[in-house]
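Working notes, beginning with the structure itself.
Protein chains: 2
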Amino acid sequence: MSAAEETGVEDAPWSEVTPEAARRLLVAAVEAFAERGYHATTTRDIAGRAGMSPAALYIHYKTKEELLHRISRIGHDRALRLLEAAAEGEGTAADRLADAVRSFVRWHAERHTTARVVQYELEALGEEHRAEIVGLRRKTDAVVRGIIGEGVRAGEFDVPDVPGTTLAVLSLCIDVARWFNAQGSRTPDEVGTLYADLVLRMVGAQK
Amino acid sequence: MSAAEETGVEDAPWSEVTPEAARRLLVAAVEAFAERGYHATTTRDIAGRAGMSPAALYIHYKTKEELLHRISRIGHDRALRLLEAAAEGEGTAADRLADAVRSFVRWHAERHTTARVVQYELEALGEEHRAEIVGLRRKTDAVVRGIIGEGVRAGEFDVPDVPGTTLAVLSLCIDVARWFNAQGSRTPDEVGTLYADLVLRMVGAQK
DNA sequence: CCCGAAGCTGAGCAAGCGCTTAGGGGGACG
DNA sequence: CGTCCCCCTAAGCGCTTGCTCAGCTTCGGG
């Protein structure tokens, strides 16, 4: 049983967003931002995809930037929760690291439209909103560094540069959102398994 | 001596762009695109950074998109040349792979503003221009897959999934452009060395 | 001394942008 | 039946965008 299933991080993507019209707008925005990027997406395009007039957007969201923030916040929360669930699991450090990478990568592949927005449109956020998100990302980093650190202390891993390797592992996982294509030949599960193996090699875990 | 030095891939970044005013505009565009993204950058901003009026841009470039294409073309050419030089070098597959990763990563770190534009603004290109760039990226992929394949055939590497590992290696290197910060604590050389080591682990090269 | 080409500017156009506002329609409740 | 409130739309405001164009300057060759 994976960390995601254990902790009941449900897959229904935007169930916490209400009312329904606000959710439809948010889903439309995710699609549009992922396809064209935040700055190239117009509020008219978002409203159109949601089957509404341009003005309807401003009943549910103050600005276009608030939409991006909501998406980014929820996405980062979800991804962080996946990692934490894996970190708090049982088994050796290698087990937990593999579980963390598998969940994290699978999320980035399965929800690659969302992940693309979450990971690559950070700089379009306003000052305070960006600061909040950066805080969440530091937590993400800390979780992975924690697992790797434990593995080193337990003698399971051979890692000369823990912060550097942590950075590389996260970078590798995050970049899945950029290249993953749903029409491609690999399923999210396959990519997750491949990457978990590669990461275990990176930290020198004995097989 | 590294592959870059051997083949005289000079570091002077945009020396092939003439006349000087066109080069100034291009350098200004690289900075602006890297900071704000292509769509959020205005032609007035580019011209302003180059110390010219907005209209001056259109004497040297037909459109804003042509500027992006020129940047992307030159950047991809340079990066591909680095990889090819390493691939054609001497030594074991491990030597050549490490050299390739080191050069490629160092380029992405040293010229991270350029690399950011080159790697992450691809979708802003027009139809034919994008197709041309995608062709160059396929060549890049082929070079890395070639080195890894040779290592496997020579019994140097242990890689169950060559295309998947190639993808991961390139993804890891490219993403350096996203997170690398010149004010950070790591030099491009240090990152290159760290990453070369990590990649050798990923392909199971015996030390 | 003049000329044409090349490089650049000031002014500005049409289109599209984020966002606002006045008002309509329909369900819940008295 | 009337009233209130919540969603939503049509229209459009003020501004910025990519790009154009007539005209000015600079400069090498005859």
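Chains as they are written, first to last, in UniProt numbering: chain A, 1 to 207; chain B, 1 to 207.
Quick reminder that beta carbons are idealized off the backbone N, C-alpha and C, glycines included.
About 5 Å separates the CB atoms of B:V203 and B:V159; that is less than 8 Å, so the two are in contact.
Unbroken beta strand (DSSP E) stretches of 3 residues or longer found wholly inside the region 153-177 of chain B: none. Listed along chain A, the residues sitting closer than 7 Å to B:H39 by beta-carbon distance are G37, H39, A40. A direct Cα-to-Cα measurement between A:H108 and A:D77 gives close to 13 Å.
Residues of the region 167-185 of chain B with a Cβ closer than 8 Å to any Cβ of chain A, in chain order: L167, A168, S171, L172, I174, D175, V176, R178, W179. If you check the CB distance, A:L125 and A:L68 come in under 8 Å.
If you compare the alpha carbons of B:Q183, B:C173, B:R178 with that of B:S103, the shortest gap goes to B:C173.
In this structure, B:A40 sits away from B:R24, with a CB-CB distance that is not shorter than 8 Å. Taking 8 Å as the CB threshold, B:L194 lines the interface with chain A. Within 8 Å of the CB of A:M202, the CB atoms of chain B belong to L198, R201, M202, in sequence order along the chain. At a cut-off of 8 Å between C-beta atoms, B:Y58 does not count as an interface residue with respect to chain A. For B:R23, the enclosing alpha helix (DSSP H) stretches over residues 20-36. Contact check between the region 116-131 of chain A and the region 19-34 of chain A: three or more CB pairs, one atom from each, fall below 8 Å, which counts as touching. In this structure, A:D141 and A:T165 do not form a Cβ contact; the two beta carbons are roughly 12 Å apart against a cut-off of 8 Å. Put simply, the CB of A:G164 is near chain B, with a gap under 8 Å to one of its CB atoms.
Interface annotation for the region 120-143 of chain A against chain B: Y120, E123, A124, criterion Cβ-Cβ distance under 8 Å. Rounded to whole angstroms, the separation of the alpha carbons of A:A205 and A:Y120 is 31 Å.
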